[in-house]
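Novice: Mind having a look at this structure? Questions to follow.
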Amino acid sequence: MRRRKPRSFQRVYQHHLETAPRTAEIPAVDGLPINESHPVGFEGLYATPEATGYGKATCAKCGETHNGWTPIRAGQWKCRCGETTNDDQMQIVGKAEYDLEQRLKRNGKSNGHKPTPTTDPPADEDWTNDEWYTPADIIQRVRAFMGEIDVDPASCDYAQRTVQAKTYYTRQTDGLIREWHGRVWLNPPYSYPLVERFTVELLRQYRQGIVKEAIVLVNNRTDAAWFQSLLVTAEATQFVSGRINFERKGLQTSANRQGQVFFYVGSRAVEYSMAFGDMGAVMRCMWGQKKA
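When we follow the working numbering, the leftmost residue of the sequence shown carries the number 70, and every step to the right adds one.
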């Protein structure tokens, strides 16, 4: 007898949503409903029947952004590459895009015509699903503190409407192969391995004296090696209170599900603390490997 191929969790759950009554229980993992054992991933990937599978998540190991994640033991998800990620570290993308698509469909249906996008994607779009633009109020603080931003090594034309760095590099001009002279603002792509490559390059150029000082904005990933390298090199580390409302072009919400951290790399940690202290706790590095 020919054996049937096992169905994926996503297909099973989609079938459950389509056929089960509204009062049916949510599927369980390790004896817990997945909305309790995997709340972040559940909300982003499976929360509503009409949006089943709309969300995608970025794997910190392979760097790919996709759906089809498998919930395993309570609080963890398994990527297609085999790597596991804690639920509270899932970088979910796609919900805002899905909501926008549904609004366009509804508007098109009511108007009797097929909806069309209001704007075309920019030609210089850098990293798919990695476009998290820093709010203008934060950039104003950075500029006021450093005087000017000499280099933004991971940027695009759209972001520079706010950042206004003297020199900036995009995906096409590749900041990873350039020298970042002077004062640097770095809000790197958050997917792996790009976030590691940019932060490692920053520290390398700082140790060589090319970068004079820098402010780095990244997700709170204390378990990552690149994060630890920043932690023991930066003169000041600031865990942001609350969530930063990043700008995403064409979307009304950033759907930010991560906490953020500022790192100040330079010799003015006290001044940094005075300028940014109201945004969260600032700690100075007193241990680890410091700049030679």
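Glycine is no exception: its CB is placed at the ideal position from the N, C-alpha and C atoms.
As the structure is a prediction and not an experimental result, all values here were calculated from the model.
Roughly how far, in whole angstroms, is the beta-carbon of residue 214 from the beta-carbon of residue 344, given that I think they are within contact range, below 8 Å?
Specialist: Right, their Cβ atoms sit about 5 Å apart.
Novice: Which whole-angstrom value is the C-beta distance of residue 254 and residue 206, which I expect to be below 8 Å?
Specialist: Contact doesn't hold; Cβ gap of about 14 Å is too wide.
Novice: Could you give the residue range of the beta strand (DSSP E) that holds residue 245?
Specialist: It is not in any beta strand (DSSP E) - residue 245 carries neither H nor E in the DSSP assignment.
Novice: Check the DSSP bridge columns for residue 309 and list the partner residues they point to.
Specialist: Answer by DSSP bridge pairing, in chain order: 349.
Novice: Starting from the C-beta of residue 232, find all residues in its chain whose C-beta is less than 8 Å away, skip the five residues before and the five after it, and write them out in chain order.
Specialist: 203, 208, 218, 221, 224 and 254
Novice: In terms of residues, what are the limits of the alpha helix (DSSP H) holding residue 275?
Specialist: Note, residue 275: alpha helix (DSSP H), 263-276.
Novice: With 16 other CB atoms within 10 Å as the buried threshold, where does residue 159 fall?
Specialist: buried
Novice: Output needed for residue 129: all residues of its chain with C-beta closer than 6 Å, excluding positions within five of it in sequence on either side, in chain order.
Specialist: Its chain contains 261 as the residues whose beta carbon lies nearer than 6 Å to that of residue 129, once the 5 sequence neighbours on both sides are disregarded; these appear in chain order.
Novice: If the criterion is Cβ atoms closer than 8 Å, does the pair residue 285 and residue 271 meet it?
Specialist: In terms of Cβ geometry, residue 285 and residue 271 form a close pair [threshold 8 Å].
Novice: What's the call for residue 242, buried or exposed, on a 16-neighbour Cβ count within 10 Å?
Specialist: Looking at its Cβ environment, which holds fewer than 16 other Cβ atoms inside 10 Å, residue 242 is exposed.
Novice: Tell me whether residue 222 sits in a helix, a strand or coil according to DSSP, three-state version.
Specialist: coil
Novice: DSSP state of residue 141, grouped into three classes?
Specialist: coil
Novice: What's the C-alpha gap between residue 283 and residue 268?
Specialist: 11 Å
Novice: When you compare only the Cα positions, how much space is there between residue 317 and residue 99?
Specialist: Cα-Cα distance, rounded: 36 Å.
Novice: Pull up the DSSP beta-bridge partners for residue 155, would you.
Specialist: 145
Novice: So, helix, strand or coil for residue 210, using DSSP?
Specialist: Helix, per DSSP.
Novice: My output table needs one value for residue 317: the three-state DSSP class, helix, strand or coil.
Specialist: coil
Novice: Might you give, ordered along the chain, the residues of its own chain that have their beta carbon closer than 8 Å to the beta carbon of residue 212, omitting 5 neighbours on each side?
Specialist: 218 and 233
Novice: Give a yes or no on whether the C-beta atoms belonging to residue 259 and residue 295 are separated by under 8 Å.
Specialist: no
Novice: Suppose the cutoff is 7 Å on Cβ atoms and the five residues either side in sequence are ignored; what does the same chain contact list for residue 266 look like?
Specialist: Counting only Cβ-Cβ distances below 7 Å, and skipping sequence neighbours, we find 245.
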